[in-house]
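Given below as structure tokens:
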């Protein structure tokens, strides 16, 4: 018996039929996969625009809320999202069905925004495919279906709202593609709902811009961890935590302030002022400085008095633990040097009158023409020259006596005398009437009948003369006598 090899015609026909069925199935599967990809891409495109729109509304909340009303929607175009940096340059405003996307925003109630990502034009999407896109978008996804052409229905019936005022002319009077007219919301187009109401979406974000009447949108409700990143270009920083200098702190580098507003930092786990602990803020006057405690806790702190009581220019003071001590010139313009003062030239500004009183001895000043005077025996005198009396002072010779007498009915003699120790004495003597005796100093007085008689040395007594006067109804010089100087 001869055996046949190969494939019979029947087998071949059956095989081809099976192969044809498989190819049709594969073709259908490829078609469905392509359609599903198109739906997925369309959903992703709507979601990207939606996320960008949310960021745009947060960044420009005041502008959006100013343009949106309960009946007139504000229009946000894809080009606006690109210009604001919410979408990359060149991002297409059309989805995979060639529908142009944009965002419409209404404010049905005060501070309550209702926003929709919508699409118009292009290819109308059937209800089944539209439901698929809404599902891919998520709970916020939706569309306009043939069964209810005036209603926007959410994914799996999650929400439902009438097209209503969203179909009105918007604030720009443009369609999604920028052409003139109102946006056309028709069957076969996907939608994404963006909800902005106080208390939910807005309160979850920190806004970059000021929102009128909404200060909470620019306010943090918790700490910020910058993850070791910088904060740059700060104008002012207000610190509210108040601490006390010298008290304990837990983290070095933390910054606070004291009750006066001075910045404090945690250093070696102790609150300490910024900068040197010993240089403090200036005060206006010495009186203001005296109100600041100077004790062991503030010892060696230094402050500047801006306006002194005498003279001009700032004066520095340091607390020595009990009182504020001037570092140089004090509030009265005095400078105390306990050692040797070395200088080039000295300009003496204090002008005094020779022979006038002074204190203490040793002071130096000048007269009106610039001659140096010193305080000697409590009088201003020339600080040069010498006689037989006091060295350095042109004065009567020690041991000399001068006198002068009145003439007339009452005889009075006035005496001036310098003893061996250069002490001046004065005397008034009237024979048979009065004798003051020798009075240490430059004057002596006596009364004879109704007249007062007074002996007075010249204001420059040591260098000039003695004057005798009497007083009754007037003062009259009755005699003078000059001292001998040799």
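Residue numbers (the working numbering): 7 to 492.
Cβ atoms here follow ideal geometry from the backbone N, Cα and C, with glycine treated the same way.
DSSP places residue 68 in no beta strand (DSSP E) but in the uninterrupted alpha helix (DSSP H) bounded by 67-73. The criterion of a C-beta distance shorter than 8 Å is satisfied by residue 142 and residue 49. Counting of Cβ neighbours within 10 angstroms places residue 320 among the exposed residues, the total staying below 16.
The shortest CA-to-CA distance from residue 343 to any of 149, 322 and 333 is the one to 333. Rounded to the nearest angstrom, the Cβ distance from residue 81 to residue 176 is 4 Å, consistent with a contact under 8 Å. If you check the CB distance, residue 89 and residue 106 do not come in under 8 Å. Looking from the CA of residue 282, the closest CA among 275, 306 and 317 belongs to 306.
One alpha carbon belongs to residue 257, the other to residue 277, and they sit about 10 Å apart.
Leaving aside the five residues that flank residue 269 on each side, the residues in its chain whose CB is nearer than 6 Å to its CB run, in chain order, 263 and 280. Sequence-distant Cβ neighbours of residue 370 in its own chain, meaning closer than 6 Å and more than five residues away, are 380.
Within the region 241-307, the complete beta strand (DSSP E) segments at least 3 residues long are 261-263, 269-273 and 276-279, listed from N- to C-terminus. Taking a cut-off of 8 Å for Cβ pairs, the region 182-200 and the region 143-157 touch, as three or more such pairs fall below it.
Here the C-alpha atom of residue 56 lies approximately 20 Å from the C-alpha atom of residue 131. By the CB criterion at 8 Å, residue 434 and residue 450 fall inside the cutoff. Of all alpha-carbon atoms in 75, 94 and 138, the one lying nearest the alpha-carbon of residue 47 is that of 138. Beta-bridge partners of residue 177 (DSSP): none assigned. Only exposed fits residue 312, as fewer than 16 other CB atoms lie within 10 angstroms of its CB. Here DSSP, grouped into helix, strand and coil, assigns residue 347 to coil. Distance check between residue 315 and each of 340, 135 and 245 places 340 closest, using alpha-carbon atoms only.
By the 16-neighbour rule on beta-carbons within 10 angstroms, residue 92 is buried. Taking a contact as a CB-CB distance under 8 Å, the pair residue 417 and residue 442 does not count as one, their CB atoms being some 15 Å apart. Take residue 304, set aside five residues on each side of it, and the residues of its chain with a beta-carbon closer than 6 Å to its own are 325, in chain order. Under the 10 Å beta carbon count, residue 72 is surrounded by fewer than 16 other beta carbons and is classified as exposed.
Under the three-state reduction of DSSP, residue 225 is assigned to coil, being neither helix nor strand. Scanning 432, 266 and 352 for the CA closest to the CA of residue 421 turns up 432. DSSP places residue 161 within a helical segment (H, G or I) once states are collapsed to three.
A Cβ-Cβ distance of about 13 Å is found for the pair residue 122 and residue 113, leaving them out of contact under the 8 Å criterion.
Looking at 292, 328 and 238, the one whose alpha-carbon comes closest to that of residue 338 is 292.
Bounds of any beta strand (DSSP E) do not take in residue 84; it lies within the alpha helix (DSSP H) bounded by 84-89. Your pair residue 361 and residue 386 checks out as a contact, with CB atoms roughly 6 Å apart and the cut at 8 Å. Ranked by Cα distance from residue 354, the options 85, 377 and 410 are led by 377.
Burial is judged here by how many other beta carbons sit within 10 angstroms of a residue's own beta carbon; residue 135 has at least 16 and is buried. Exposed is the label assigned to residue 227, since fewer than 16 other Cβ atoms lie within 10 Å of its Cβ.
For residue 260, the CB contacts under 6 Å within the same chain, skipping 5 residues up- and downstream, are 272 in chain order. The three-state reading of DSSP puts residue 134 in helix, counting H, G and I together. Here DSSP, grouped into helix, strand and coil, assigns residue 47 to helix.
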